[in-house]
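Since the structure comes first, as structure tokens, the remarks are kept for the end.
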Amino acid sequence: MEAAQVEEALKVLDASLSHIKWRLKSSAKRRLQIDVLALCSGMRPVVMIDYGGKMPELQEHLCAFLDHSQKESPIFEQLRVMVIEDMIYLIHVEEMAKYVSSSLSSEVELLLVDLEEDPPKMRRLDDKHLLGMQLISIQKLFSLYFPLEGMRNDLLPPNRTEPRADTNSLSEPINSKSSLLMDLSSCMHDTKVTVPTINGWLLGYPVVYLFTKDHIGDAVYNLSTKFLRIYKILIRRNSTPNKGSPLEELMSFSVPYDMSMRGSNEPWAEMFLTHLQSKWERCKQTWSSLEMEPAQLFHWKRCCMMLKSLFPFGILTTLDGQHYIPTLMKDIK
Numbered sequence: 001m002e003a004a005q006v007e008e009a010l011k012v013l014d015a016s017l018s019h020i021k022w023r024l025k026s027s028a029k030r031r032l033q034i035d036v037l038a039l040c041s042g043m044r045p046v047v048m049i050d051y052g053g054k055m056p057e058l059q060e061h062l063c064a065f066l067d068h069s070q071k072e073s074p075i076f077e078q079l080r081v082m083v084i085e086d087m088i089y090l091i092h093v094e095e096m097a098k099y100v101s102s103s104l105s106s107e108v109e110l111l112l113v114d115l116e117e118d119p120p121k122m123r124r125l126d127d128k129h130l131l132g133m134q135l136i137s138i139q140k141l142f143s144l145y146f147p148l149e150g151m152r153n154d155l156l157p158p159n160r161t162e163p164r165a166d167t168n169s170l171s172e173p174i175n176s177k178s179s180l181l182m183d184l185s186s187c188m189h190d191t192k193v194t195v196p197t198i199n200g201w202l203l204g205y206p207v208v209y210l211f212t213k214d215h216i217g218d219a220v221y222n223l224s225t226k227f228l229r230i231y232k233i234l235i236r237r238n239s240t241p242n243k244g245s246p247l248e249e250l251m252s253f254s255v256p257y258d259m260s261m262r263g264s265n266e267p268w269a270e271m272f273l274t275h276l277q278s279k280w281e282r283c284k285q286t287w288s289s290l291e292m293e294p295a296q297l298f299h300w301k302r303c304c305m306m307l308k309s310l311f312p313f314g315i316l317t318t319l320d321g322q323h324y325i326p327t328l329m330k331d332i333k
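Going by UniProt numbering, the letters in the sequence shown line up with residues 1 to 333, in that order.
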């Protein structure tokens with residue numbers, strides 16, 4: 001993205017939020033700005049939206065936001081809203097297709113932390129392991145939705161209705177073949193792979209927690225005595241001369257301490273940073289710097305207690321702390 005495109009994107013973002021009357025807190029608005037720029041500049045193919053409200057209103061607002069933004073600027077034309085069960089994402093269709101393809105060709109190595117074993121063990125993704133095989137099958141299914149030649153709208157469920165991306169009436173339904181919204185919850189049918197594992201892969205984490213739907217309790221128990229290291233990827237946006245731009249969090253994730261004792265010098269961490277830097281080299285006009293920060297250590301059980309106090313309705317049965325614990329620690333500091 002050229003500097004002028006960045007400024008245009010931010011102006012359209014502000015105008016769209018105002019037009020649909022989506023009132024975000026300043027911190028949530030800043031995160032949306034960073035997430036949208038990360039998508040449009042090619043730094044990330046997918047971001048999870050865990051701010052700005054709850055479902056289904058959040059989905060309605062995101063669709064309305066994209067609907068208005070795409071009418072105002074072609075910069076937003078590749079962005080879509082994607083839903084998988086209770087999770088909601090913004091995606092860049094073209095970058096998503098490239099990411100799925102690179103995952104299947106193992107261009108970027110994905111490491112899995114098997115939480116069904118105590119202590120948890122790190123393994124590589126392969127089809128010799130049942131869950132690994134099923135995860136690869138899900139990736140192949142995603143490749144049908146996101147082929148390199150363009151998104152296949154004909155593969156979307158034809159009979160479902162979703163909230164209309166209409167800035168005047170957010171509740172009027174339209175057919176789910178809308179180019180704005182993709183509900184891929186069906187990808188989770190007939191598999192033992194959990195949403196946290198898919199979430200970790202989609203968000204581009206180099207290390208992803210792995211456990212089956214039948215062993216969620218075991219996974220929680222096996223982490224209950226473990227310390228986690230929080231890794232943060234920090235990025236700085238190019239700004240106008242004499243106007244400094246602060247470091248912003250592009251993404252963050254957790255890894256068990258036993259697998260991250262060397263911090264950023266872990267082989268997998270070095271490979272991941274090299275991969276991110278190669279992306280950054282292609283979009284230096286948007287981002288002036290990128291760095292990895294192996295941050296604090298936190299006790300998983302203590303974090304879960306705080307998470308349960310914030311989310312008392314069993315969120316830990318469907319969402320993992322790999323994403324939410326870094327977010328929580330940032331919010332309570």
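Note that beta-carbon positions come from the ideal geometry of N, C-alpha and C, so glycine has one too.
- Between the alpha carbons of residue 258 and residue 71 lies a gap of roughly 49 Å.
- Note: residue 297 is bridge-paired with 229 in the DSSP secondary-structure output.
- Beta-carbon to beta-carbon, residue 290 and residue 235 are separated by about 5 Å, close enough to satisfy the 8 Å threshold.
- Boundaries of the alpha helix (DSSP H) harbouring residue 218: 216-223, taken from the DSSP string.
- Here DSSP, grouped into helix, strand and coil, assigns residue 23 to coil.
- Burial check for residue 4: the Cβ neighbour count within 10 Å stays below 16, so the residue is exposed.
- For residue 193, no alpha helix (DSSP H) encloses it, and the DSSP letter there is neither H nor E.
- Counting other Cβ atoms within 10 Å of its Cβ, residue 266 reaches 16 or more and is therefore classed as buried.
- Of the other Cβ atoms in all chains shown, fewer than 16 fall within 10 Å of the Cβ of residue 213; this residue is therefore exposed.
- Of the candidates 136, 110, 40, 110 places its Cα closest to the Cα of residue 204.
- Between residue 229 and residue 245, the CB-CB gap reaches or exceeds 9 Å.
- Minimum Cα-Cα distance from residue 38 among the listed residues 256, 238, 207 corresponds to 238.
- With respect to residue 1, residue 75 sits close: the two C-beta atoms are nearer than 9 Å.
- Contact fails between the region 217-225 and the region 268-287, because fewer than three Cβ pairs, one in each stretch, are under 8 Å apart.
- The straight-line gap separating the alpha-carbon atoms of residue 233 and residue 250 is approximately 6 Å.
- The alpha-carbon separation between residue 33 and residue 210 amounts to approximately 31 Å.
- Across the set 193, 144, 90, the C-alpha of 193 shows the shortest separation from the C-alpha of residue 134.
- Closest in alpha carbon position to residue 63, among 261, 88, 73, 121, is 88.
- Taking the Cα positions, residue 117 is about 13 Å away from residue 256.
- Excluding its 5 nearest sequence neighbours in each direction, residue 58 has C-beta neighbours in its own chain below 7 Å: 49, 52, 88, listed in chain order.
- Of the residues assessed, residue 105 falls on the exposed side of the cut-off, its CB having fewer than 16 other CB atoms within 10 angstroms.
- Only residues of its own chain outside the window of five on either side were considered, and among them 92, 93, 94 have a CB closer than 6 Å to the CB of residue 78, listed in chain order.
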